[in-house]
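Working notes, structure below.
Protein chains: 2
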Amino acid sequence: MEAVGLITEYNPFHNGHAYHVAQAKALTGADVVVAVMSGNYVQRGVPATFDKWQRAELALLGGVDLVFELPFAFAVQPAHIFARGAVQLLADAGVKTIVFGAEHGDLDFLALAQQAHQRLMADKQFSTDYSQTYATAFNDVLADVVGFRLTDPNDMLGFAYATAVIELDLLGTITLQPIQRIKAGYHETQLVDDHIASATAIRELMDKQASTTSFLPYVGQQAAELLAQGAQTAPWSTTWYQALQTKVMTTPIAELEQIYQLTDGLAYRLQEQVAQHLATDFTTFMAAYKSKRYTQARLQRTLLYTVLNITSAEMQTAMATPYLRMLGATTLGRRYLKQQRDKFSLPVIHKVEKDDLTGILALDYRAGRLYQLFSQRPADLAKAQDTGRIPVFIERG
Amino acid sequence: MEAVGLITEYNPFHNGHAYHVAQAKALTGADVVVAVMSGNYVQRGVPATFDKWQRAELALLGGVDLVFELPFAFAVQPAHIFARGAVQLLADAGVKTIVFGAEHGDLDFLALAQQAHQRLMADKQFSTDYSQTYATAFNDVLADVVGFRLTDPNDMLGFAYATAVIELDLLGTITLQPIQRIKAGYHETQLVDDHIASATAIRELMDKQASTTSFLPYVGQQAAELLAQGAQTAPWSTTWYQALQTKVMTTPIAELEQIYQLTDGLAYRLQEQVAQHLATDFTTFMAAYKSKRYTQARLQRTLLYTVLNITSAEMQTAMATPYLRMLGATTLGRRYLKQQRDKFSLPVIHKVEKDDLTGILALDYRAGRLYQLFSQRPADLAKAQDTGRIPVFIERG
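One line per chain: the protein sequences are A and B, in this order.
Reminder that position 216 of the first sequence reads as 198 in our numbering, one-by-one numbering, no gaps.
Reminder that position 276 of the second sequence reads as 258 in our numbering, one-by-one numbering, no gaps.
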């Protein structure tokens, strides 16, 4: 069986994603669709609208056959680390082609990345460390080499996937297949009337407490019903912000400086801004914490790392120990897994063992527990994210 | 001018306290009433109903002339440390007599404590460390020497004051004057109809959202108005409990073990019980965390230390650096202060300086900021507890 891979957040899964799944299959002729999906938090550093189990189920209903969790240590990271983690997992899971949407679907991302990579390797001054400036430096070189700069978000992600393929030495093993994005882009908030809307637009509709039928043009029945109930956890601006304030106010600066990416004076800046904004809302605080040096997403991620108390040391350990955590499968997905599993080099986690909680899964476990604690509905509050859970199963194929 | 000293929590100040103030003056013939009062948290480890400024003002209105804050490092502690801190502050402030209510007002507490102390000193096995078993050991010896055991809460506190006088070498400098407690005891929740009710009964009335007029039989006008608005900070069972869960879930066990009094396996027990009770209410959690070995108050204090992230090392430092933080004064109180201040050996803090916040006041500052953050009313949320505040002043005397 041949598998095509998708790198996803599905926050939440909508008709555009279903179209993407169908296209990936059609374009590659693959038998099985394998998705790597962010867990309970998405890349820009906020809790996902619904937990990983509910989102995995919607993905299966939408045509995906096998869903693996992108561990927190890769999911909530700058694009190049996110991309590298996702590509590594898909490659290990035996995927031959990764299909992704791009604003410029006609670009040869692998060729571009190779040119940039060669130039960078030739440049002795460029460090291969995963520093914050890495992605920017790469794009700078690309602009220099090919004469233009990637500015659209999905193009940039595609370029990050291509770079990951090269750096993981997967050229020849993994092919990248961009598809031209149609309709709503990530940042577009307008709902379009022909059954495809961006996830952002759908989340905004949710903020307005829209009814099930309002969502039905853009998502499946089950997703529409979930969306009508509102987000699973409290919004950042309330519970999470208070948890951030509490953490920062009760933690000595030397300890805050241990938090991942709270470097170069950011810990001090955070402490100062939290102190000055004790009585203000999150938006006002964030405007003050913002700096030209860092993107909004990067700063938002530092806030999440702080609430979750994730140190640099812990993050490095977690990044060094990837795994394939199964969130869900169809009958077909299961058959693929059974057939291929022996070839995987990463551990496949089907059901969590006690040792995992303090070991390989420590970060995801902690993140999942906070996600659970900050749930807004009693049923979700009572349901653990990692212990006692087995992958979602859907009969198909 | 001669001063009489009171050791108080005033949570909140009521007619019984006013009676106590008047009696203290009448019995001793003192010119000035000096109270040492718990700050934003009371001895049993919960936030006070109103902040220290509002409670100090009510105390001044009720007849007290000078209010000093009992620092967190003494206020939220087992009785013997609480007593020692309070006696030390009053003695330094030039107080000659400490008046306190006792269930057995006819006991000679100093004589009893002296007998117990002599016996203890003769016993080489008894450590003078402030260990948890200290108070119990003292009472055991007392029972052995004088043939009975103090069981009523105010009697026990009186005995702790007497022990502090002896240990601080203040015999002959400080006199203790018990007065027979009348009417409502601390633990009595029934409101009595002749203008005196216990603080517990008043807080319960507040939980029922009673009107100003319902409180007026038991407290002054200003207190009644405050009480009708409900408690200043969120109740333990909501915001504070969630902060506790968040802290415990995101903190490694080795770090939790650094928290003050989270010793002898308590850190592990706390971690385990929080994990098991993520979705349950505070009462259910507390019933599971409870153990025969420790009192409810002691366990509740460990929860507060945990939320505030107070380590043993910090607490030891804070206990070693007492100070006289002025919360309020009448005209007479000011005059007394002016006259006596040169004789004080402890620093008097009138207005907080920036260095104090990371120095001598670090613990109270942090505790006050959480108290502020968890305020339920916007006006309180906007008002810092320690920075930019000056003592409350009332013209009298």
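Ideal Cβ positions, reconstructed from N, Cα and C, are used throughout, including at glycine.
The region 335 to 355 of chain A makes no contact with the region 3 to 14 of chain B: fewer than 3 CB pairs, one atom from each, lie closer than 8 Å. A Cβ-Cβ distance of about 7 Å is found for the pair Asp74 of chain B and Leu306 of chain B, placing them in contact under the 8 Å criterion. When Cβ-Cβ separations below 8 Å define contact, Asn291 of chain A makes contact with chain B. Gln159 of chain B is outside the set of residues whose beta carbon lies under 8 Å from a beta carbon in chain A. Under the criterion of beta carbons closer than 8 Å, Ala(-15) of chain B and Gly76 of chain B qualify as touching, at roughly 6 Å. Your pair Thr284 of chain A and Leu343 of chain A does not check out as a contact, with CB atoms roughly 23 Å apart and the cut at 8 Å.
A distance below 8 Å separates the beta carbons of Ile156 of chain A and Val69 of chain A.
Chain B places no beta carbon closer than 8 Å to that of Arg251 of chain A, leaving this residue out of the contacts. Per the Cβ contact rule, the region 86 to 97 of chain B is not in contact with the region 328 to 337 of chain B (fewer than 3 Cβ pairs under 8 Å). Going by beta carbons, Met297 of chain A and Tyr242 of chain A fall inside the 8 Å limit. In the structure shown, Glu51 of chain A adopts extended strand secondary structure according to DSSP, grouped into three states. Close partners of Arg163 of chain A in chain B (Cβ separation under 9 Å) are lacking, with about 38 Å as the shortest Cβ gap.
Residue pairing by DSSP places Pro29 of chain A opposite A:Tyr23 in a beta bridge.
When Cβ-Cβ separations below 8 Å define contact, Leu352 of chain B makes contact with chain A. Gln214 of chain B is a Cβ neighbour of Thr31 of chain B, given a cutoff of 8 Å. Look at Gly350 of chain A here: in three-state DSSP terms it is helix. The beta-carbon separation of Ala98 of chain A and Val123 of chain A, rounded to 5 Å, stays under the 8 Å limit for a contact. With respect to the 8 Å criterion, Val201 of chain B and His(-4) of chain B are classified as neighbours on the basis of their beta carbons. Within the region 202 to 235 of chain B, contact with chain A at the beta-carbon level (separation under 9 Å) is assigned to Thr221, Gln224, Ala225, Gln227, Thr228, Lys229, Met231, Thr232, Thr233, Pro234. For Arg348 of chain B, the C-beta contacts it makes with chain A under 7 Å involve Met231, Thr232, in order along the chain.
Taking a contact to require three or more Cβ pairs closer than 8 Å, the region 32 to 39 of chain A and the region -15 to -6 of chain A qualify as touching. Counting C-beta pairs closer than 8 Å gives three or more between the region 50 to 59 of chain A and the region 13 to 27 of chain A, which meets the contact rule. The beta carbon of Leu238 of chain A sits no closer than 8 Å to any beta carbon of chain B.
In the structure shown, Leu153 of chain B falls within a strand segment according to DSSP collapsed to helix, strand and coil. For Pro160 of chain B, the secondary structure class from DSSP, reduced to helix, strand or coil, is strand.
Taking all protein chains shown into account, Gln282 of chain B has 16 or more neighbouring C-beta atoms within 10 Å of its C-beta and is therefore buried.
Within a 10 Å sphere around the beta-carbon of Ala269 of chain A sit fewer than 16 other beta-carbons, which makes this residue exposed. When DSSP states are grouped into helix, strand and coil, Leu187 of chain A belongs to the helix group.
Excluding its 5 nearest sequence neighbours in each direction, Phe82 of chain B has C-beta neighbours in its own chain below 8 Å: Leu(-12), Ile(-11), Asn136, Leu139, Gly140, Tyr143, Leu158, Gln159, Pro160, Ile161, listed in chain order. Excluding the 5 residues flanking it on each side, Ser327 of chain B has same chain C-beta neighbours closer than 7 Å at Asp74, in chain order. In this structure, Asn291 of chain B and Thr233 of chain A form a Cβ contact; the two beta carbons are roughly 6 Å apart against a cut-off of 8 Å. With its beta carbon at least 8 Å from every one in chain B, Ala57 of chain A lies outside the interface.
In its chain, beyond the 5 residues on either side, Val14, Val15, Thr312, Leu314, Gly315 have a beta carbon closer than 6 Å to the beta carbon of Asp47 of chain A.
The Cβ neighbour count for Arg163 of chain B, taken over all protein chains shown within 10 Å, is at least 16; the residue is labelled buried. At a cut-off of 8 Å between beta carbons, Leu244 of chain B makes no contact with chain A. For Phe375 of chain B, the secondary structure class from DSSP, reduced to helix, strand or coil, is strand.
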